[in-house]
Amino acid sequence: MDVDQAALGRVVEADAIVVGAGPGGAATARHLANRGLDVVLLEKATFPRDKICGDGLTPRVTKQLIRLGIDTSEEAGWHHNTGLRVFGGGTGELILPWPELSEFPSYGLARARTEFDEILARHAEAGGATLVEDANVSEPILDPRTDRIVGVRCKDGREFRAPFVVAADGNSSRLALAMGLAKREDRPMGVAVRTYVESPRSDEPYLDSWLELWDGRPGQSNLLPGYGWAFPLGNGLVNVGLGTVAAKPSDLGKVDYRAQLRRWLEGTPEEWGFRNIVGPVRGAALPMCLNRQPLYSRGLLLVGDAAGMISPFNGEGIAYALEAAEFAADAIAEAHYRGVGTASAEKALRGYATQVKASLGGYFRLGTIFVKLINDPRVMHVCVQYGLPRPTLMKFTMKLLAHLYDTKDGDWMDKVITAATKVVPSA
Ligand SMILES: Cc1cc2nc3c(=O)[nH]c(=O)nc-3n(C[C@H](O)[C@H](O)[C@H](O)COP(=O)(O)OP(=O)(O)OC[C@H]3O[C@@H](n4cnc5c(N)ncnc54)[C@H](O)[C@@H]3O)c2cc1C
């Protein structure tokens with residue numbers, strides 16, 4: 110496709126348009142291209158670009174990368190991890206290997222988003238999608254007759270038209286907002302800050318997490334609200350950060366998380382190197398539990414953070430953005446081949462929302478209950494004190510919090526969690 114046409118003021122037409130080339134958008138574009146559709150992927154930035162993130166990728170993400178056909182070997186530059194290492198409760202550290210499951214691989218990954226996002230965007234391009242960088246989408250183009258979205262206009266006036274549009278433009282999702290889809294206020298919201306440190310722990314094979322954060326010596330200083338992480342990248346750097354989550358956005362206090370992160374890092378052992386900060390401390394919001402709905406309406410599908418697809422259990426959002434990307438591509442391809450504008454195509458598109466909710470809705474709903482519980486620091490403290498010394502309970506907790514269990518033919522823990530997600534209504 111000749112996207113220079115748009116630069117010349119002419120309209121570019123495609124089968125589908127994806128707005129935002131983060132993991133959700135890039136994966137949607139690649140899956141659509143794989144299904145034979147002519148797809149344009151619009152990104153306001155130019156690669157490589159940074160995205161504030163922990164850079165931690167659980168086996169749920171590994172699975173999706175494999176499905177996309179991306180080489181996740183160490184030779185290809187990926188740092189592998191074999192599990193979680195949990196600190197807290199005065200018990201030292203507890204190592205929880207990723208579970209052996211039929212539905213997921215047993216290794217996770219870590220990669221800075223400056224590299225990760227570009228790999229995915231170029232992968233979409235290599236698969237046949239047309240990636241247009243420096244394309245800042247400012248508004249939807251609506252068909253006045255049907256009130257459906259039929260394309261988008263960029264800030265510089267370029268126009269791209271297609272019968273199906275995907276908003277994968279992140280937490281703020283200007284496109285969804287312009288289509289009248291505001292964030293729900295009754296869903297959990299997180300906030301987190303992160304930076305990079307030069308550390309000898311960069312090659313460690315675990316994603317480290319702290320359930321209790323102290324601003325000095327553990328047990329002898331002040332307990333800080335929230336949880337902390339250190340995700341080794343294998344390149345001399347570790348991504349360190351901390352975050353918190355509230356049952357609704359208005360409950361998020363006005364805490365100076367940047368200062369808190371510095372205080373926490375100052376209290377860590379000197380030999381870890383966590384005081385060798387090499388980048389700015391930056392923060393961002395984590396939209397959770399499908400906080401923007403409906404997931405499909407009037408030709409527009411929401412994928413990833415645009416729909417609030419971050420897990421309230423652990424702040425992970427990349428896996429869900431990638432999973433939703435595949436569901437969205439399935440629905441759009443189905444609609445495309447059934448016949449644009451037909452009732453049958455519309456049914457296929459509506460199936461996207463049903464599919465996402467069937468897959469994630471119950472789990473996210475459990476997460477809203479979890480957030481309400483841990484918002485009381487006394488509950489969290491008791492859980493950490495009681496739970497950490499009990500390996501079976503911790504293994505169960507890890508499966509639940511990391512969303513890593515088999516939904517069919519799993520062990521008793523898998524069965525309990527799967528059953529629990531089925532008895533609650535979808536988020
Ligand atoms: C501090 C922090 C730590 C986190 N840590 C982790 C972690 O360790 N692991 C994990 O799995 N998740 C983590 N998350 C969540 C994760 O970052 C998100 O869930 C994930 O980035 C969502 O991907 P996405 O593609 O939906 O959106 P994004 O990654 O936000 O991508 C959106 C894209 O859209 C583009 N865009 C925006 N507006 C426009 C426009 N108008 N026109 C064109 N393009 C546009 C943006 O430039 C961007 O490239 C963390 C989040 C935060 C804030």
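My numbering puts the sequence shown at residues 110 to 536.
We treat Cβ as the ideally placed atom computed from N, Cα and C, and that holds for glycine.
Quiz item: Ser-282 to Pro-498, Cα distance in whole Å?
Solution: Roughly 42 Å between the two C-alpha positions.
Quiz prompt | Burial state of Ala-277 (16 or more Cβ within 10 Å) | solution = buried
Exercise. Using 10 angstroms around the beta-carbon of Trp-187, count the other beta-carbons present and answer buried if the total reaches 16, otherwise exposed.
Key: buried
Quiz item: For ligand 1, is there a heavy atom less than 7 Å away from the beta-carbon of Gly-163?
Solution: yes
Quiz item: Going along the chain, which unbroken runs of the alpha helix (DSSP H) with 4 or more residues stay wholly within the segment 258 to 346?
Solution: Counting whole runs of 4 or more residues, the segment 258 to 346 contains the alpha helix (DSSP H) stretches 283 to 287.
Exercise. Take Arg-257 and list the residues in its own chain whose beta-carbon comes closer than 6 Å to its own, dropping the five residues that flank it on each side.
Key: Arg-407, Gly-408
Practice problem: Below 7 Å CB to CB, which residues in the same chain sit around Arg-474 once its five sequence neighbours on both sides are set aside? | Solution: Val-533, Pro-534, Ser-535, Ala-536
Quiz prompt | Under the three-state DSSP convention, the category Arg-391 falls into | solution = strand
Exercise. Count the C-beta pairs between the segment 260 to 279 and the segment 169 to 182 that are closer than 8 Å, then say yes if the count reaches three, no if not.
Key: no
Quiz item: Would you say Asp-278 touches ligand 1, meaning its beta carbon is less than 7 Å from a heavy atom?
Solution: With a threshold of 7 Å, the Cβ atom of Asp-278 counts as near ligand 1, since some heavy atom of the ligand is closer than that.
Self-check item: Contact the segment 139 to 152 vs the segment 393 to 408: 3+ CB pairs below 8 Å
Solution: Contact between the segment 139 to 152 and the segment 393 to 408 is not established, with fewer than three Cβ pairs separated by less than 8 Å.
Self-check item: Rounded straight-line distance, which links the Cα of Asn-344 to that of Val-241
Solution: Answer to the nearest angstrom: the Cα atoms are 30 Å apart.
Quiz item: Grouping DSSP H, G and I as helix and E and B as strand, with all else coil, what is Glu-202?
Solution: Assignment of Glu-202 by DSSP, reduced to helix, strand and coil, places it in the strand class.
Exercise. Check whether the Cβ atoms of Asp-317 and Arg-222 sit closer than 8 Å, and answer yes or no.
Key: The answer is no: Cβ separation not under 8 Å.
Quiz item: For Pro-208, which residues of its own chain have a beta-carbon under 8 Å away from its beta-carbon, when the five flanking residues on both sides are left out?
Solution: Ser-215, Lys-504, Met-507, Lys-508, Leu-513, Tyr-514
Exercise. Assign Tyr-216 to one of three DSSP states: helix, strand, or coil.
Key: Correct three-state label for Tyr-216: coil.
Quiz prompt | Buried or exposed (CB count within 10 angstroms, at least 16 for buried), Leu-322 | solution = buried
Exercise. For Met-397, write down the residues that DSSP places opposite it in a beta bridge.
Key: Ile-419
Self-check item: Nearest candidate by alpha-carbon position, reference Glu-184, set Leu-218, Thr-155, Ile-419
Solution: For the set Leu-218, Thr-155, Ile-419, the Cα lying nearest the Cα of Glu-184 is the one of Leu-218.
Self-check item: Limits of the unbroken alpha helix (DSSP H) element including Ile-386
Solution: Element bounds for Ile-386: n/a, residue is neither H nor E.
Quiz item: Thinking C-beta only, is Leu-151 closer than 8 Å to Val-275?
Solution: No. Outside cutoff.
Quiz item: Going by C-alpha distance, which of Ser-211, Glu-202, Leu-203, Ala-244 is nearest Ala-154?
Solution: Minimum Cα distance to Ala-154 is reached at Ala-244.
Quiz item: For the candidate residues Pro-309, Gln-369, Gly-450, whose alpha-carbon lies nearest to that of Val-302?
Solution: Ranking the options by Cα distance to Val-302, first place goes to Gln-369.
Self-check item: Closest residue to Leu-284 among Val-300, Glu-248, Asp-295, Gly-413 (Cα-Cα distance)
Solution: Glu-248
Quiz item: How would you call Leu-469, buried or exposed, if buried means at least 16 neighbouring beta carbons within 10 angstroms?
Solution: buried
Quiz prompt | Beta-carbon contacts of Asn-484 that lie in its chain and below 7 Å, excluding the five residues immediately before and after | solution = Ala-355, Ala-356
Quiz item: Bridge partners of Leu-229, per DSSP?
Solution: Bridge partners of Leu-229: none, in fact.
Quiz item: Is the number of C-beta pairs between the segment 450 to 457 and the segment 382 to 393 that are closer than 8 Å three or more?
Solution: Taking 8 Å as the limit for Cβ pairs, the verdict is that the segment 382 to 393 does not touch the segment 450 to 457.
Quiz item: Does the Cβ of Val-170 have 16 or more other Cβ atoms within 10 Å, making it buried, or fewer, making it exposed?
Solution: buried
Practice problem: Give me the Cα-Cα distance between Asp-518 and Thr-191, rounded to the nearest whole angstrom. | Solution: 23 Å
Self-check item: Option in Thr-477, Arg-262, Val-347 with minimal Cα separation from Cys-162
Solution: Val-347
Quiz item: Measuring CB to CB, does Leu-395 end up less than 8 Å from Arg-220?
Solution: no
Self-check item: Ile-478 versus Val-491, Leu-399, Asp-414, Pro-297, residue with shortest Cα-Cα distance
Solution: Pro-297
Practice problem: Return the Cβ separation of Ala-418 and Gly-426 in integer angstroms, given the expectation that the two are a contact with Cβ distance under 8 Å. | Solution: One detail in the question is off: residue 418 reads as Met in this sequence, not Ala. Contact between Met-418 and Gly-426 is confirmed by a C-beta separation of about 6 Å, below the 8 Å threshold.
Quiz item: Say the cut is 7 Å; is the CB of Asp-414 nearer than that to a heavy atom of ligand 1?
Solution: yes
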